[in-house]
Every structure is written in structure tokens, then in C-alpha cells.
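Numbering (our numbering), first residue to last: 6 to 496.
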RNA sequence: CGGGGUGUAGCGCAGCCCGGUUAGCGCACCUGCUUUGGGAGCAGGGGGUCGUGAGUUCGAAUCUCACCACCCCGACCA
């Protein structure tokens, strides 16, 4: 065994790290807290980008690009925003290096100090709203619906590949609207896009809800999020959509004249998902054998592996394999024919399982005699022999079935691990033993929320949008509550 | 920033207590032959500033001191 993945039950976080590294998604870099996203991992990100980008375009958005650097003065204009991000900002103070006089290498040239320090963006609201001020005069200039694909930096103390790194890739949407209602509508529209993407592409069920004040984005009026449950019973916030009200418009003095000739502040939203989604994808579906990728996001759908004893056999098999590859490609599938002679079939089987390629198609001498192929599906690891005739339809159908099955498996898991309780002792036991989501009553105060966090490590992930109104008593204080909220330990 | 741990070949480790030839093992790598339907076998081969610096000593991977880096556990976070 060349590559062993740590047992998932024994040490979940080691299992995750192993998987990310051994499946060639990413590796730690020599820069503290930063990762190298390797080609295979990056191609998953490209699949995500392609799907999301289309969804954004289909809902009327266009892409643009704003600077990496933000002048410190911009950054400090929105009070809550600074407060939230100040502790994790990288700051550029100089613009030149020089050779050290003692020959010990290169040092900062103290004469090249910046007049005003530049913050490396931890998010772009400030630079964007500073820019929007110049773009907006009239209601005719609205709405502005812009997205950008970018890297950002948040100086983290402890990092984990994909889940939390100092630099990461994401998209951030920033929209400007003439009315409050329109901005709110935009916030929900994007939340739905995210939920749709998570469920239909990532095959990962999510809960939609609004964050408590405590978990709200710095500078937002309301933060909405999609929350997913990972296989270790912890929740992962997978996307956020913020209704910013007029906070940034006021901070950056962005006003417009409405239809009645009245000067108003602009209404805003911002929203984002990041490469963290790759971490979510890994933790939601994968197993002891490696990654399990939903077909919609798999960089390669089918790998064809020849099994042969000599070159004569290989050439017969290759001819078949190339034909099948073309049939599948014509169906829009990405197919790899791995005819390398440097690795044995068994090695390749294990390798592609580790990488989560949805379907493996093997052709050997027996298949040549019988006009068959062997298909193995990654989600269930089942193998079955099919006639070569019509194989492209079988594979296409199988991939659809797998996409649905992977989602269903994740949904079953979530349902099995979502509890309702009105008893705080039970609440504590659930959190301690197995984790998962708990729906419980809460009195609505930050104090209670923090005390529950202290005592159980669980936080309020969100207040579900579709939660039914129900009279009850706060699980901690017994004070009256009108609805249950979603608790979990979180990443 | 607190508490704990680890730095020896690309990776994972042994050796260190108790200093002494040429620093060793597994995986990976290279060559050859046999193999190929679940991570092949045999034979041969290459690869090391023992984290860095200073000290003790006839002699340091091994002992002492300092520094650096990384990992795990906490506080902070998408």
C-alpha cells in the first residue's frame, strides 16, 4: 500500500488532512498559513467557478475586478466593519527593498515608507463602495450588480487546508439598489443560488437561515447563510449573503436622486463563497478509500483502465477503449484513458478511488472475448459487467443516479443527526457524544447564546428561514421563545 | 499569545539516555528480468550541511546553551 488514508472514525481531522494531500488537491506551502492548490484541486475549483459564474450571469450579474490593496483610511470608515476585521489584516508599509549593508541579504528600505499604509483586502466592501460613489448619481444608475473572483487575506492563527487559510480564493458579489426591498430581494436571491449550487452540484444538503447578531458579518444589517453538516457532526458555514442596508452607502457617502428628485442613500448587499467549499465537498461525502466526488463537479467523470498481459492484447484493448472514450466524450463527459504501462491495474484502481473519479471502466481480455466492460461506481464501490453496445447510455444514466445517490446519502445522514430537544441535559449529551444539528428554543439574547457556547461548544448556526412559529421555553433560561433555532458545533 | 510535542534522504521513522569505524530501515526513485482482472516479485543502484549557531570533548546526530521552524491542544475566525 503506497498511500494509506487515516481511519475516519479514529481521527477525523487527520483523515481530512490526509485526503486533501494524498488525493492531490492541495498541500501546505512554505508560506505560513498559505496553501498550494494543486492542479487536481484547482480543477475542482474551476468546475465550481464555471457553475456559479453561470448562475450569477443568469441572474443579471457581471464580473469586474477591484484592487488587492485598500488604503487604511477607507477601511476605517465603517465602524463595525473595522472592528470585525482589524485583528486579521495584513498591512503594507513600504514599497522598496535594498541590499543590507552587512551583506546579509535584502532588507526593507526605511526611506520607502508609504504615506498611507495599504491593507491587503480581507473583503472588498470599502474599496468598492468608495468606487460606487462615483458611479451613482441617479436611480437610473441602479441597480449595480457586480461580482468579482479574487483572492483575499485574513491573518488566521490556526489554519487548515481549504477550511481556513491565510490567503484564499473566493467570489464576492457587491450590489447597489434604489430600495430596501430590492436589496433584500437580492440577498435572498443569492442565498437561493448558493443553496441550489450546494444541493444540485455539490450534492450537499444545506439549511438556509439568518445569523444571530453575534455571528453577523461586520457591517451588515442581516447575514444569511447556508449551513451544511459534515460527517463528524460539525456544521460548516458554506456561503453567506448579507443585507448591508445603507451602512456602507452612509460611510462612503453614496447617494442618488430618486424618481421624486429626493436624495437618498443607496441600499447594498454583498455575498460570497470560497475555496472552503472544496473542504466541504471532501468532508460531506468522502470515505476510507478517498474522495467521493459528485459527477457534476468531478474534473474527470470516467477513467478507462486496460488490463492486459502483452502488447498485442493492449493494442486490441486500446482500440476498443478509444472508441468508448469517443462515445462518452460525445455525450459531454470527460474521459481519461489511462494506458500507462508504469502502473498495474490494481494500483490504478486504488489511485482513482482515492481521487474520487465517479466511474471506472475496465477492459481486459475477458471483455474483448465477450464484448463487455466492467463498470465500478465510486459512491457504492459496486462493480458490474455490461455489454459494450450502448455503454455510453449506461454510463450517463449511472452518473445521474450517482449524483442523486450521493445527495441522498448526505441528506439521510443529516436527518439522522438532526435532533429536537427541550432538555438542556440531553442537549449537552448530544453535543458531547455525537454532535449534529439541534433544533432548540432560545430566548433571543446574546448572553444566553454565549453561555451555551461556553458550556457545550455549540453555537447558533442560524435561525432557519422556514422555521415554524412554535411557543416554547429557552433551553437554558426557560424564558419564552417563539421558534426553534439551529445549534451545532462549527468549523 | 499560553500549554505540550517534533526537527536525521522526497515521505514516514529508528539511532540520542549510555559520545567512538563508512548514520540505518520502510515507502518512493533509477536499471534489468519476470509480471499485469484490487496498491506485484527478485536482483542491483543513486540519494544525507543529522533544523541553525555557539560551546564541552582527542572525538558530537548523540551532552550543554541559545535561536529558528513546524505540528497538536486552547483563545480568534469564511
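Glycine included, every Cβ here is placed at the ideal spot set by N, Cα and C. Since this is a predicted model, take the numbers as computed values, not measurements.
{"Asked": "For residue 100, the nearest candidate out of 134, 421, 116 and 255 (CA to CA)", "Found": "116"}
{"Asked": "Residue interval of the beta strand (DSSP E) (run including residue 510)", "Found": "Because the chain is modelled from 6 through 496, residue 510 falls outside the range shown and cannot be assessed."}
{"Asked": "Local Cβ density within 10 Å of residue 41, reported as buried at 16 or more and exposed below that", "Found": "exposed"}
{"Asked": "Three or more C-beta pairs below 8 angstroms linking the stretch 140-157 and the stretch 18-37", "Found": "no"}
{"Asked": "Three-way DSSP call (helix, strand, coil) for residue 471 in this model", "Found": "coil"}
{"Asked": "Alpha-carbon spacing of residue 331 relative to residue 337, whole angstroms", "Found": "10 angstroms"}
{"Asked": "Which residues DSSP lists as bridging residue 68, in chain order", "Found": "152"}
{"Asked": "Given 8 angstroms, three or more beta-carbon pairs between the stretch 159-176 and the stretch 84-99", "Found": "yes"}
{"Asked": "Residue range of the unbroken beta strand (DSSP E) whose run includes residue 425", "Found": "423-425"}
{"Asked": "Spatially closest choice to residue 223 from 252, 19 and 470, by CA coordinates", "Found": "252"}
{"Asked": "Whether residue 248 touches residue 192 by CB criterion (9 angstroms)", "Found": "yes"}
{"Asked": "Distance between residue 340 and residue 244 (C-alpha atoms, nearest Å)", "Found": "31 angstroms"}
{"Asked": "Closest Cα partner of residue 360 within the set 286, 412 and 471", "Found": "286"}
{"Asked": "Buried versus exposed call for residue 311 [16 or more other C-beta atoms within 10 Å across all chains shown]", "Found": "buried"}
{"Asked": "Outcome for residue 348 when other beta-carbon atoms lying within 10 angstroms are tallied against a minimum of 16", "Found": "exposed"}
{"Asked": "Contact belief for residue 118 with residue 277 at Cβ below 8 angstroms, rounded distance in angstroms", "Found": "33 angstroms between Cβ atoms; not a contact."}
{"Asked": "Candidates 329, 431, 443 and 175: closest to residue 419 by CA position", "Found": "443"}
{"Asked": "Own chain partners of residue 246 with C-beta closer than 6 angstroms, once the 5 adjacent residues on each side are dropped", "Found": "192, 195, 196, 229 and 276"}
{"Asked": "Segment limits, alpha helix (DSSP H) that includes residue 62", "Found": "44-63"}
{"Asked": "Pair within 9 angstroms by beta-carbon distance, residue 182 and residue 129", "Found": "no"}
{"Asked": "Which of helix, strand or coil DSSP assigns to residue 320", "Found": "helix"}
{"Asked": "Inter-residue spacing [alpha-carbon to alpha-carbon] between residue 460 and residue 20", "Found": "27 angstroms"}
{"Asked": "Residues near residue 384 by beta carbon distance below 7 angstroms, same chain, minus five either side", "Found": "297, 407, 410 and 411"}
{"Asked": "In DSSP terms, what residue 272 is bridged to", "Found": "182"}
{"Asked": "Three-state class that DSSP yields for residue 130 in the structure shown", "Found": "helix"}
{"Asked": "Inter-stretch contact at 8 angstroms, needing at least 3 Cβ pairs: the stretch 305-324 / the stretch 258-268", "Found": "no"}
{"Asked": "Selected residue, minimal CA-CA separation from residue 86, among 70, 458, 226 and 389", "Found": "226"}
{"Asked": "Distance between residue 262 and residue 185 (C-alpha atoms, nearest Å)", "Found": "15 angstroms"}
{"Asked": "Of the listed residues 127, 355, 371 and 272, nearest to residue 381 (C-alpha basis)", "Found": "355"}
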